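Residue numbers for the sequence shown follow my numbering, beginning at 2 and rising by one. Glycine included, each C-beta is placed from N, C-alpha and C at the ideal position. Just so we're clear, the structure is a prediction, and the values are computed from it rather than from any experiment.
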Amino acid sequence: MKRTFITFAILITTLVAWADEGMWIPMLLQRNEAAMQRAGMHISASDIYDVNNASLKDAVVLFGGGCSGEFVSAEGLLLTNHHCGYSYIVSHSTVEHDYLTHGFWAADRSQELPCPGLTATRLVRMEDVTAQVLDGVSQTMTEAERQALVAKNIEQLSKSLTQGTHYRCVIKPFYYGNQYFAYINEVFTDVRLVGTPPSNIGKFGGDTDNWMWPRHTGDFSVFRVYTNANNEPADYSRDNRPYRPLKHLEVSLKGVNEGDFTFVFGYPGTTRRYVTHDAVDLAANVENPIRIAMRDIRLSHYKRAQELSPALRLRYATPVANIANGWKKWQGESLGIERLHGVEQKQEQERDFSRWASSRPEYSTVLGNLEKLYARLRPLDVKRTWYSEAILASDLMQRANLLDLLGQATPESDRWTQILSAIDRSNSRLFDEDTIWQSHLEVDRAIFVETFIAAWRVGQAPYMDKKYRSEAELRKGLDRVFDKSLINKPERFAAFIDQYSGSKDDLAKIAKDPAVDLLRVAKSFALASYLGSANQTELYNQISDSINLLMRTYIRGMMEQYPDSNFFPDANLTLRVAYGHVEGFRPRDAVRYTHYSTLDGIIEKENPNIYDYVVEPRLKELWRTKNYGPYANAQGEMPVAFIATNHTTGGNSGSPVLDADGRLIGINFDRCWEGTMSDLLFDPAYCRNISLDVRYCLFIIDRYAGAHHLIEEMDIVR
Ligand code: ARG
Ligand code: GLU
2 MKRTFITFAI
12 LITTLVAWAD
22 EGMWIPMLLQ
32 RNEAAMQRAG
42 MHISASDIYD
52 VNNASLKDAV
62 VLFGGGCSGE
72 FVSAEGLLLT
82 NHHCGYSYIV
92 SHSTVEHDYL
102 THGFWAADRS
112 QELPCPGLTA
122 TRLVRMEDVT
132 AQVLDGVSQT
142 MTEAERQALV
152 AKNIEQLSKS
162 LTQGTHYRCV
172 IKPFYYGNQY
182 FAYINEVFTD
192 VRLVGTPPSN
202 IGKFGGDTDN
212 WMWPRHTGDF
222 SVFRVYTNAN
232 NEPADYSRDN
242 RPYRPLKHLE
252 VSLKGVNEGD
262 FTFVFGYPGT
272 TRRYVTHDAV
282 DLAANVENPI
292 RIAMRDIRLS
302 HYKRAQELSP
312 ALRLRYATPV
322 ANIANGWKKW
332 QGESLGIERL
342 HGVEQKQEQE
352 RDFSRWASSR
362 PEYSTVLGNL
372 EKLYARLRPL
382 DVKRTWYSEA
392 ILASDLMQRA
402 NLLDLLGQAT
412 PESDRWTQIL
422 SAIDRSNSRL
432 FDEDTIWQSH
442 LEVDRAIFVE
452 TFIAAWRVGQ
462 APYMDKKYRS
472 EAELRKGLDR
482 VFDKSLINKP
492 ERFAAFIDQY
502 SGSKDDLAKI
512 AKDPAVDLLR
522 VAKSFALASY
532 LGSANQTELY
542 NQISDSINLL
552 MRTYIRGMME
562 QYPDSNFFPD
572 ANLTLRVAYG
582 HVEGFRPRDA
592 VRYTHYSTLD
602 GIIEKENPNI
612 YDYVVEPRLK
622 ELWRTKNYGP
632 YANAQGEMPV
642 AFIATNHTTG
652 GNSGSPVLDA
662 DGRLIGINFD
672 RCWEGTMSDL
682 LFDPAYCRNI
692 SLDVRYCLFI
702 IDRYAGAHHL
712 IEEMDIVR
């Protein structure tokens, strides 16, 4: 009975899934154009991506290394999420000038704040370079030989594609290396903070509401890109001037209705849509539970400390946001996979493939071989996960790891400089004030000891057994490491790093440090040889490479098996289009979610005693007087967020959400809890992206912050 149900469910999902699932390549959007127009789009594929004329793609950027953003004015004004600008907002904040808590609005251009290290990357054009990248590759090559040749081809090609320009080139594999695309980019390096709402708007609901609907987060911040006098990228200089984009988005105040066509245009990071049941099982039932449990420990200590003082709240703001984000997503992901019988669903698909492949020698062994490889990968993967989530959980061990890497780096190399500056950054963050440092030591000790012991209890730190015979002894031993390490002596450690030259003495000092010593043993157990066995990192990489190679064959087979289906390539942090409809859903029995939320919901959630649910008096006053101006919807409400069936993932944060005419109606910032498994399995009944309604963004800028001059820069369509 159950079996038939599952088979039926798969048939349904494979048929329906193609409707909204997918993250499409802009250059090949002609293939989707008819379907998009049938779904309601009024514009054409070439309005979205065109190399000869300015098109919507010129208004979209990769914001930093992992978010998206969009130009909304002729003078380089850029919108993205609050959580994407977060670390830059934090870095400009002090307890005295706490922009994170109170918000910040540059009164004029001279007040816009430079953000060293922040980039905005515009795609100039893309090209299918499969033939050039695979030039010389033959069927008889080993995977390692192929990789070496491909890397060489990519290097040459990147050079020739950007010769004589200020552009940079990135070449990425698609469909596990069946295809390659080159991206010619323009990378802007002077990006300044223009404005941000206070945390209790930009992060309203905090980590409690994160990944959930109904949502009321005003998740946006405003930046501006600056260039040299030729409108070309340049590092920060007072003489730089606002960038004049080839295209900026029109902003629509028309709002959304259920059923409206919408598309998201941005940089989704990673999906793994085509992996086999073993990979799904590994993620849902092995990796996620370890990650969640270890992050429970870290979060509980950080959050307790955050309650102690505003300085500590700020100190832990960025790490808590990062740790909590993955922690919660993985819970939703595992639940979603379980609900969908994800592992069984994949097995069923694999049986279907095997039947088809049995008479095709090229494909008949691929799944069996993948299964064997996963059986070998699994124990190594468990070790890695424990290592990265437990052993490396504390600041102490993370910095011990930096020291270990420093000891291995060639003096004065790029890597050396990078590691030293990472150590410097961690130092200045920690040693600023003595009181913070003392509290931090307590927090970090608890995290170090508890996560280590958790790993030890499940046999993931067997190297401790020789030295310590009981948990109590181990605990004492860990305390000793914590107290003795140079890393935990701020002045002496800073002095050591200042004079560091990689000399013999320096290296000996590193090796003698008890934290580094422990780190090295742990690392060698988890990632490299331990007790004389083979080097596990190499083994791990070999197995992953072999899996990759087989996946290349497997996906080619699936495409042959279903020649009429349009297989989207997994997300890989390249520009994509996802399209769908504004739509509510039924998360569970007897509950139906409508497609939008309003300011009334913020007032409903208000709780002055809970940090995440404090409502600013000024916002409340605007709500009380219904002072919404042109930003209200037809019912007179102030819309805040809406959901739709666009297929998105991490990296899509900050992406423009556009209407049938290609106008900006929202800023993507999240997914709904019930659909967080969509990186692995997309279910149109549950998978929804969450977008900020652009009208709320404008309302906050205009009515709340009084930054009307920014609104005036935009092209607003009423
Ligand atoms: N879940 C969203 C995303 O993956 C938002 C994360 C930031 N918000 C937060 N409360 N940590 O990135
Ligand atoms: N918040 C995510 C990000 O930072 C986007 C939400 C998602 O993963 O879909 O990119």
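Quick one: what's K485 bridged to in DSSP? Looking at the DSSP assignment, K485 forms no beta bridge with any residue, so it has no partner.
To which residues of the same chain is K468 closer than 7 Å at the C-beta, ignoring the five residues directly before and after it? G478
Answer yes or no: the CB of W212 versus the heavy atoms of the ligand ARG, is any distance below 6 Å? yes
Leaving out five residues before and five after S56 in sequence, what residues of the same chain have Cβ atoms less than 7 Å from its Cβ? S47, D48, I49, Y50, K248
Terminal residues of the continuous alpha helix (DSSP H) containing T24? The sequence given here has Met at residue 24, not Thr. Where M24 is concerned, there is no enclosing alpha helix (DSSP H), given that its DSSP letter is neither H nor E.
State the DSSP-derived secondary structure class of C85, mapped to helix, strand or coil. helix
Tell me the rounded alpha-carbon separation between M127 and V383. 38 Å
Evaluate contact between the stretch 274-288 and the stretch 328-342, counting only Cβ atoms and requiring at least three cross-stretch pairs below 8 Å. yes
Return helix, strand or coil for K735, following the three-state DSSP convention. The structure shown does not extend to residue 735, since the chain is modelled only from 2 to 719, so the question has no answer here.
Output the boundary residues of the alpha helix (DSSP H) element that contains T228. T228 -> not in any alpha helix (DSSP H); beta strand (DSSP E) instead, spanning 222-228.
Using C-beta distances below 7 Å, list every residue in its chain close to R193, excluding the 5 sequence neighbours before and after it, in chain order. E113, L114, P115, C116, F224, R225, Y227
Which residue spans inside the stretch 166-223 form an unbroken beta strand (DSSP E) run of at least 3? 169-175, 180-189, 191-197
Which residues share a DSSP beta bridge with V265? A579, V658
Boundaries of the beta strand (DSSP E) in which F494 is found, first to last residue: Not the beta strand (DSSP E): F494 falls in the alpha helix (DSSP H), residues 491-500.
Contact test: G207 Cβ vs the ligand GLU heavy atom, cutoff 6 Å: no
So, using beta-carbon positions, are I702 and A708 closer together than 7 Å? yes
If the criterion is Cβ atoms closer than 7 Å, does the pair A376 and S365 meet it? no
Does DSSP put A285 in a helix, in a strand, or in coil? helix
For M639, tell me which candidate among Q537, Y697, M28, F569 has the shortest Cα-Cα distance. Y697
Report yes if the CB atom of T386 is closer than 7 Å to the CB atom of I324, and no otherwise. no
Indicate whether H217 and S654 have their beta-carbon atoms separated by less than 7 Å. no
Pick helix, strand or coil for M398, following the three-state DSSP scheme. helix
Residue interval of the beta strand (DSSP E) (run including R593): 592-594
Suppose you measure from the CA of P362 to the CA of G558; what does that come to, to the nearest Å? 11 Å
Looking at C-alpha atoms only, which residue of L397, A642, Q419, N326 is the closest neighbour of E259? A642
Closest by C-alpha distance to G585, when choosing among L623, K621, S692: S692
When the Cβ atoms of the stretch 614-634 are set against those of the stretch 53-67, are three or more pairs found closer than 8 Å? no
Does the pairing of the stretch 200-211 with the stretch 155-175 give three or more beta-carbon distances under 8 Å? no
Meets three-Cβ-pair contact criterion under 8 Å: the stretch 445-454 and the stretch 298-308: yes
Rounded C-alpha distance that separates E233 from D210: 40 Å
Among residues of its own chain, excluding the 5 on either side of R672, which ones have a beta-carbon nearer than 6 Å to its beta-carbon? N690
Identity of the residues DSSP links to C68 by a beta bridge: F64
Backbone secondary structure at L114 - three-state DSSP: strand
Beta-carbon gap between D220 and F683 smaller than 7 Å: no
Given 8 Å, three or more beta-carbon pairs between the stretch 491-508 and the stretch 386-398: no
The ligand ARG and S785: does any heavy atom of the ligand fall closer than 6 Å to the residue's C-beta? No answer is possible for residue 785: it lies beyond the span of the chain, which begins at 2 and ends at 719.
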